[in-house]
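There are 2 protein chains.
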Amino acid sequence: MSEIVTAGILVIGDEILSGRTKDKNIGFIAEYLTNIGIDLKEVRVVADDETDIVDALNALRKRYTYVFTTGGIGPTHDDITADSVAKAFDVGIGHHPEVVARFRERWSEQDLNEARLRMARVPDGAELIQSATILAPGFKLGNVIVMAGIPSIMQAMMDIVAPKLKSGVRMLSDSVRANAREGDIGGPLREIAIAHPDTIIGSYPFMDEDKRPNTNLVVRSRDPDKLNAAMTAVKEMLAALNVTTR
Amino acid sequence: MSEIVTAGILVIGDEILSGRTKDKNIGFIAEYLTNIGIDLKEVRVVADDETDIVDALNALRKRYTYVFTTGGIGPTHDDITADSVAKAFDVGIGHHPEVVARFRERWSEQDLNEARLRMARVPDGAELIQSATILAPGFKLGNVIVMAGIPSIMQAMMDIVAPKLKSGVRMLSDSVRANAREGDIGGPLREIAIAHPDTIIGSYPFMDEDKRPNTNLVVRSRDPDKLNAAMTAVKEMLAALNVTTR
């Protein structure tokens, strides 16, 4: 149970890089993975370009336990994710018979054109990620999980695939509102961070409701005792600074 | 004027990877760069980890004309961007006298503690990105532009640095609502994409106000004539499909 399970995200799409579409998937997947005990270590966003996708995928899949991709699995010429994944793994790709059979139930012969059949292209050896409400399936090949770019569909796919994943010891988290400016607590906070090496202490400034600079402090650890010890030290530090009466 | 100017973004911060904070900077910078004729080619998000930052920065700065970083320039122990940039460039780093002087104007001797002085750490040879309203400056070193993670400050920094950047021939864009399902137009759209190689044609499905699957088609090109030719072909294709009367 002490294994650390890691992940990378690869967001695929010209529309994110042009700014036309604002990504909503990174934040969702990040929070989801944290909740199931998987450490998200890196995110990359690349264009609808086969070389870029293959290179990024190969870098990420060698480095992390899992890689989650979003985008590029639709019916048009710019949807090249499935082919790029097959290329990265150096496996074949073809129309998946199970997906084609489902498409035939849904569409007439005329409507099941080449473009729609494109959504049935799945790399050899991949496991489908599908449900009654998901039209074009995602898939899992090795440690790579390929999902849709449309947030609602991606989220449904996460729910399907998540129970099949290894998960590690969950990262625990506790936070406190410092009622202090970040610059006033940076020094003692550093001392606490050094004294509590198995924790991660984050400091996040914000403007509070009185328009004063304020700070949220977040302590994270896989060990509840170490988490509590560090958080106690943080709270004692804040009390000593009399920051609540500034 | 025919030079293509490219960029990468490096978002630095544990809080983005844990899902605690939802990034708002990628979309803003993406749109900003598109508007000034710079092609955003890649985005990476990494943790507050020196090795991860240095590796990503060195990969991106060699590949693209510019790299924009956000996050990690505050006063606490987890703000390690400036030191990581210095390490990536293999240059020294110290308290920038001009920044220290400004801090002395603003803070008393007591308030100007080690944590706040940390925000004056700037790699040797870097050019400051600052204004009267920006407390802790960003900086530009070589082709790397280092900015705050807080969106309002990052946006102010973009406005300061943008006029100093090379910009390329602006990517032009035109879009049309297809009033068609993506799967019905994928075939002819691919033909148009092949016939118009100096354009980029994107297809973006969405649910319209009548809850029907619909599609936005976006044509992009640096050449206005080629853009118009491709968009004309797209509109003729849509008209031929009689899609407006589906």
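Quick mapping for you: the protein sequence lines, in order, are chains A and B. At position 235 of the first sequence the residue is numbered 235 (the working numbering), and the sequence of numbers has no breaks. In short: position in the second sequence from 1, add 246, done, that's the working numbering. Glycine included, every Cβ here is placed at the ideal spot set by N, Cα and C.
Residue(s) in a DSSP beta bridge with residue i
i: R367 of chain B; result: B:H341
i: D420 of chain B; result: B:V465
i: N214 of chain A; result: A:F206
Start and end residues, alpha helix (DSSP H) containing residue i
i: M207 of chain A; result: Run containing M207 of chain A: none in the alpha helix (DSSP H); it sits in the beta strand (DSSP E), I200 to M207.
i: V161 of chain A; result: P151 to V161
i: I145 of chain A; result: Run containing I145 of chain A: none in the alpha helix (DSSP H); it sits in the beta strand (DSSP E), V144 to M147.
i: K235 of chain A; result: P224 to A240
i: L189 of chain A; result: E182 to A195
i: A276 of chain B; result: N271 to N281
Nearest to residue i (by Cα), restricted to the options the options
i: S421 of chain B; options: B:S467, B:P409 and B:L381; result: B:S467
i: L217 of chain A; options: A:A178, A:P137, A:M154 and A:L112; result: A:A178
i: F349 of chain B; options: A:S173, A:L128, A:G183 and A:T69; result: A:G183
i: I36 of chain A; options: B:G265, B:R290 and B:V291; result: B:G265
i: V234 of chain A; options: A:A56, A:A195 and A:V5; result: A:A195
i: N113 of chain A; options: A:I129, A:I4 and A:P75; result: A:P75
i: F335 of chain B; options: B:P451, B:P369 and B:A394; result: B:P369
i: P188 of chain A; options: A:V146, A:A240, A:N143 and A:V144; result: A:A240
i: L263 of chain B; options: B:D325, B:G254, B:E249 and B:V292; result: B:V292
i: Y312 of chain B; options: B:E455, B:T252 and B:V289; result: B:T252
i: T327 of chain B; options: B:V346, B:A302, B:R309 and B:P343; result: B:A302
i: G338 of chain B; options: B:A439, B:I380 and B:L387; result: B:L387
i: T445 of chain B; options: A:D14, A:L135, A:E3 and A:G8; result: A:D14
i: Q110 of chain A; options: B:G254, B:A475, B:I447 and B:I431; result: B:I431
i: A136 of chain A; options: A:V144, A:E127, A:I153 and A:I145; result: A:I153
i: D48 of chain A; options: A:L40, A:V85 and A:D39; result: A:V85
i: V146 of chain A; options: A:R190, A:T70, A:R212 and A:W107; result: A:T70
i: P343 of chain B; options: B:L363, B:D324, B:D405 and B:A394; result: B:L363
i: I73 of chain A; options: A:Y64, A:V11, A:T133 and A:M237; result: A:V11
i: V169 of chain A; options: A:T34, A:K87 and A:R212; result: A:T34
i: S377 of chain B; options: B:V345, B:T267, B:M483 and B:T461; result: B:V345
i: H341 of chain B; options: B:L374, B:T461, B:D324 and B:F314; result: B:L374
i: G149 of chain A; options: B:D405, B:D324, B:F452 and B:D269; result: B:F452
i: I272 of chain B; options: B:V289, B:M404 and B:R427; result: B:V289
i: V144 of chain A; options: A:N58, A:I201, A:D208 and A:T133; result: A:N58
i: G448 of chain B; options: A:Y64, A:I9 and A:H77; result: A:H77
i: K226 of chain A; options: A:D208, A:A193, A:P213 and A:E209; result: A:A193
i: I38 of chain A; options: A:Y64, A:A156 and A:E236; result: A:Y64
Range of the contiguous beta strand (DSSP E) that encloses residue i
i: G8 of chain A; result: V5 to I12
i: L128 of chain A; result: E127 to I129
i: V46 of chain A; result: I38 to V46
i: G384 of chain B; result: G384 to L387
Distance cut-off 7 Å: residue i Cβ against heavy atoms of the ligand NAP
i: A101 of chain A; result: The model depicted lacks the ligand NAP and carries no ligand whatsoever.
Chain C within 8 Å of residue i, Cβ atoms only
i: I299 of chain B; result: Looking at the structure shown, chain C is missing, and the protein chains on hand are A and B.
Along the segment 255-268 of chain B, where does the CB come closer than 9 Å to a CB of chain A? Name the residues. I255, V257, G259, D260, E261, I262, L263, S264, G265, R266, T267 and K268
Chain A contacts from the segment 447-460 of chain B (Cβ-Cβ distance under 8 Å): I447, G448, S449, Y450 and P451
Curious, which full-length beta strand (DSSP E) runs of at least 3 residues does the segment 58-112 of chain A contain? 66-70 and 93-95
Going along the chain, which residues of the segment 67-84 of chain A sit with their C-beta nearer than 7 Å to a C-beta in chain B? G74, P75, T76, H77 and D78
In the segment 167-193 of chain A, which residues sit with their C-beta less than 8 Å from some C-beta in chain B, listed in chain order? M171, S173, E182, G183, D184, I185, G186, G187, L189, R190 and A193
What are the residues of the segment 112-128 of chain A that lie near chain B, defined by any Cβ-Cβ distance shorter than 7 Å? N113, E114, A115, R116 and R118
Chain B contacts made by the segment 30-50 of chain A, where a contact means CB separation under 7 Å: A30, E31, T34, L40, K41, E42, V43, R44, V45, V46 and A47
For the segment 376-392 of chain B, enumerate the residues whose C-beta is nearer than 8 Å to any C-beta of chain A, in chain order. none
Near-chain A residues of the segment 461-488 of chain B - C-beta to any C-beta below 8 Å: V464 and R466
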